[in-house]
Amino acid sequence: MTSKGFSEKYDKWNSITNELVTQTEKEEEEEAKVGAEFLGLNGKVPRSAAEAEEKAKLEAAKNAKKALEKQKEMEESMKLVIENMNGGKDGTEQLLVLDDDCLQGRRVIVLRNCEDYKFHIKKPNDPKQSLIKVFIEGCKSCVVHMQAPTITSMVEITKCSKLNLNISKYPVNTMQIDMSNDLNVEFSDVYCFGAIDPKKNLSNDRIYHAGVTNMTLGVRVPLSDGSTRKIERKVDMIEDGAIKVAEQSVEEFQFATYVSWNKDAPELVTERVHRIGTRLFTQSELDRKMEENNEYDIELKMHEFELKVKECETHKSEGNEEFINGNYAQAVLFYSMAIDKSSTLKDDNESKAFKSRHICFANRSACFLKLGHHEKALADAESCVEICPTYIKGLFRKGLALHAMGRYNEALPVLAESLKIEPKNKQIKQAIQFCEVKLEMERRKRMNI
């Protein structure tokens, strides 16, 4: 048999074999599919109760996502967004009336990035089409006259400047104003803001604001003799006492302004706001609840404790910053604030306590050393070591203070103790050498050598 004949027969035989193998693999694959379906291994039928529960959760999550997307689409369809409207600088007034013709059933108004424009928001004729909420964002030198009720009775203002907002006829019980400046907000009719809750004999209406400067609030209120009077207040975050607290910046420090009826004459009052859980309390509300015996006592006390801890941490950070910049006297002030405030913190829960009190003493000691107040530096270093005996900076600064006061015999063992904790610390080694030199000089002086 020639090699060519053998090759042809082999190729034919190989082709037939491959076809048979492929056919067999397909049959096995089909049988596997049938078996998997029968046994519930194809994913259509859960193999266990746990898998069934997991599938149910996954399906529920998918349905929830679809519902949220549908809700979002519906909400977006209800929004009337008016943005980038510019009235120009020619002095002519540009007015847009937001009435039924303009709204066309949309119930959320968003005014965004408009400039030199006037907007007049009117009440829809159909009560079923009442507005839900009004947002004013990034607008400059605009006038908004609002004469329409909202279901939420709420208006939000963000990053606006030179905005004039006039609210009349219908109440707005809650406003949130953030990161804005040079605003004028006026409630021109009685009961638009600050009406008394007869059950509590106070007003629940609030204007919450953070990062706001130079805002004038005007509210018309009724008097006991039947007349009305306009009361005003200037709101400014710096003048009202905004400070940095822990990670929270000055601009994030939140206030609430409201009408106080506690005195003979109503007045606008601005207070700090505290968030406890999901609830907001002004400082006076927090103080009252702390005095009462109610279910919030424990939560309120925990909040007050945690707030003080955060303030101590903030003062410590401020002290560190001033120290780095070489402002040692200013750093002393901040460290002192942290030390004084932390002296009132007594809590068994170590995880929540202010753990840097000893560090503040050590750092203030360093400041006093820089300023040449060696006795004060020694007192702070000793306070640090009393709280945390192994804190190296406290021990080292105690040794330095004693050395600076010429008490070398006392300084040397303290510095030696510091070296035991950090044997490779070059500064400590150098301080010990200086101290030993001073001691030797004193010894020779005493011996007249």
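The numbers in the sequence shown follow full-length UniProt numbering, run straight up by one, and end at 449.
Note that the Cβ used here is the ideal one computed from N, Cα and C, for glycine as well.
The model shown is predicted, which means the values in this text are computed figures rather than measured ones.
What residue range is occupied by the uninterrupted alpha helix (DSSP H) comprising residue i?
i: S342; result: Y328 to S342
i: M441; result: K426 to R446
i: V385; result: H374 to I387
i: I392; result: I392 to A404
i: E357; result: In the sequence under discussion, the amino acid at residue 357 is Arg, which differs from the Glu named in the question. Per DSSP, R357 belongs to the alpha helix (DSSP H) from R357 to L371.
i: L415; result: Y408 to I421
How big is the Cα-Cα spacing for residue i and residue j?
i: Y408; j: F281; result: 56 Å
i: L103; j: A148; result: 12 Å
i: I243; j: E252; result: 9 Å
i: V235; j: T213; result: 7 Å
i: K140; j: E318; result: 35 Å
i: I433; j: T390; result: Strictly speaking, residue 433 in this sequence is Gln, with Ile absent from that position. Between Q433 and T390, the C-alpha separation is close to 22 Å.
i: S77; j: S343; result: 56 Å
i: K438; j: C384; result: 26 Å
i: I231; j: L378; result: 55 Å
i: V110; j: L96; result: 13 Å
i: L268; j: K122; result: 28 Å
i: A195; j: N184; result: 20 Å
i: E410; j: K398; result: 10 Å
i: L419; j: N425; result: 7 Å
i: L286; j: F305; result: 13 Å
i: K128; j: I238; result: 43 Å
i: E311; j: H358; result: 16 Å
i: A366; j: N448; result: 36 Å
i: S284; j: E271; result: 8 Å
i: M85; j: D100; result: 20 Å
i: I339; j: P413; result: 28 Å
i: E350; j: K57; result: Its pLDDT being 48, under 50, E350 is placed unreliably by the model, and the measurement read from it follows with that caveat. When rounded, the distance between both Cα atoms is 39 Å.
i: N320; j: A331; result: 7 Å
i: T158; j: F361; result: 42 Å
i: residue 534; j: R106; result: Past the boundaries of the shown model lies residue 534; the chain is included only from 1 to 449, so the question cannot be answered.
i: E422; j: N181; result: 53 Å
i: G87; j: S161; result: 15 Å
Grab the span of the beta strand (DSSP E) containing residue i for me, first residue to last.
i: P222; result: T213 to P222
i: A256; result: Q254 to S260
i: I157; result: M154 to T158
i: I231; result: T228 to V235
i: L165; result: N164 to I167
i: F354; result: No beta strand (DSSP E) contains F354, which DSSP labels as neither H nor E.
i: L345; result: L345 -> no beta strand (DSSP E), and no H or E assigned at all.
Classify residue i as buried or exposed, calling it buried when 16 or more other Cβ atoms lie within 10 Å of its own Cβ.
i: A256; result: buried
i: E436; result: exposed
i: K62; result: exposed
i: P266; result: buried
i: G226; result: exposed
i: K316; result: buried
i: R446; result: exposed
i: N363; result: buried
i: M441; result: exposed
i: S224; result: exposed
i: S249; result: exposed
i: A381; result: buried
i: E73; result: exposed
i: M1; result: Because the pLDDT of M1 is 45, which lies under 50, any placement of that residue in the model is unreliable, and the number read from its coordinates should be weighed accordingly. Burial call: exposed.
i: T228; result: exposed
i: R444; result: exposed
i: D205; result: buried
i: K65; result: exposed
i: L163; result: buried
i: L415; result: buried
i: E53; result: exposed
i: Q254; result: buried
i: E322; result: buried
i: G394; result: buried
i: I177; result: buried
i: V309; result: buried
i: I428; result: buried
Below 8 Å on the Cβ atoms is my guess for residue i versus residue j; work out the distance and round it to an integer in Å.
i: I151; j: V144; result: Contact flag wrong, Cβ pair sits at about 19 Å.
i: M175; j: G211; result: Not quite, the Cβ-Cβ distance comes to about 14 Å (not below 8 Å), so this is no contact.
i: F187; j: G218; result: 7 Å
i: F193; j: P171; result: 7 Å
i: S203; j: Y117; result: Contact doesn't hold; Cβ gap of about 32 Å is too wide.
i: L400; j: L369; result: 6 Å
i: V108; j: K70; result: No, V108 and K70 are not in contact; Cβ-Cβ is about 17 Å, not under 8 Å.
i: L404; j: L371; result: Residue 404 is actually Ala in this sequence, not Leu. Not quite, the Cβ-Cβ distance comes to about 11 Å (not below 8 Å), so this is no contact.
i: M154; j: I167; result: Not quite, the Cβ-Cβ distance comes to about 12 Å (not below 8 Å), so this is no contact.
i: S260; j: E313; result: 33 Å between Cβ atoms; not a contact.
Could you name each continuous alpha helix (DSSP H) segment of 4 residues or more that falls completely within the stretch 68-149, going from the start of the chain to the end? Runs of the alpha helix (DSSP H) inside the stretch 68-149: 100-103.
Any chance you could list the beta strand (DSSP E) runs of at least 3 consecutive residues sitting entirely within the stretch 174-205, in chain order? Whole beta strand (DSSP E) segments, 3+ residues: 174-178 and 181-187.
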